[in-house]
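First comes the structure, then the notes that go with it.
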Amino acid sequence: MNPDPAADPVVAGHLQELRRGTVVLAALVALRTPGYGYALLESLNQHGIVVDANTLYPLLRRLEKQGLLTSEWNTEESRPRKFYRTSDEGDALASTLIADWQRLDASLRHLTEETS
1 MNPDPAADPV VAGHLQELRR GTVVLAALVA LRTPGYGYAL LESLNQHGIV VDANTLYPLL
61 RRLEKQGLLT SEWNTEESRP RKFYRTSDEG DALASTLIAD WQRLDASLRH LTEETS
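Residue 1 is where the sequence shown starts when you use the UniProt record's numbering, and the numbers rise one by one after that.
Rendered as structure tokens:
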């Protein structure tokens, strides 16, 4: 049985650092279709991008303040919800980040093939 590598604090710290930027990219991509925070949280978790609500909600506010997301309140339902959508600037950033992600992925694949 393999122990959980994330139980090691050094490994856990590096995994957290690696995942931090991916949450930004995932949110920008997912919110190309408008959604509210909790639905985004559930969707990301279902897709294997585990993020805590205490991380996601401040991130959404920061991305909105940076002009990468827009928001509006939906008060038609019994519980008002703030819906977010990726702005044109956020969409452009997502495209740039995806291109760089793909370049890094290809480079890492090449590097690991050389060393295995």
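Idealized CB from N, CA, C, for every residue including glycine.
{"Query": "Pick from 53, 68, 83 and 66 that is closest to residue 74, judged by C-alpha positions", "Result": "83"}
{"Query": "CB of residue 93 within 9 angstroms of CB of residue 28, strictly", "Result": "yes"}
{"Query": "Member of 13, 23 and 106 whose CA lies at the smallest distance from the CA of residue 57", "Result": "23"}
{"Query": "Inter-stretch contact (C-beta, 8 angstroms, three-pair minimum) for the stretch 56 to 70 and the stretch 86 to 101", "Result": "yes"}
{"Query": "Stretch-stretch touch, CB-based, cutoff 8 angstroms, three pairs: the stretch 43 to 58 with the stretch 12 to 26", "Result": "yes"}
{"Query": "Backbone CA spacing between residue 109 and residue 16 [nearest angstrom]", "Result": "21 angstroms"}
{"Query": "Classification of residue 1 by the beta-carbon crowding that lies within 10 angstroms, buried from 16 upward", "Result": "With a pLDDT of 44 at residue 1, under the threshold of 50, the modelled position of that residue is not reliable, and the figure given next carries that caveat. Exposed is the call here."}
{"Query": "Cβ-based neighbour list, residue 64, same chain, cut-off 6 angstroms, excluding 5 preceding and 5 following", "Result": "71"}
{"Query": "Residue ranges of each alpha helix (DSSP H) within the UniProt domain \"Transcription regulator PadR N-terminal\" (31 to 92), 4 or longer", "Result": "37 to 46 and 53 to 65"}
{"Query": "Under 9 angstroms between C-beta atoms of residue 31 and residue 90", "Result": "yes"}
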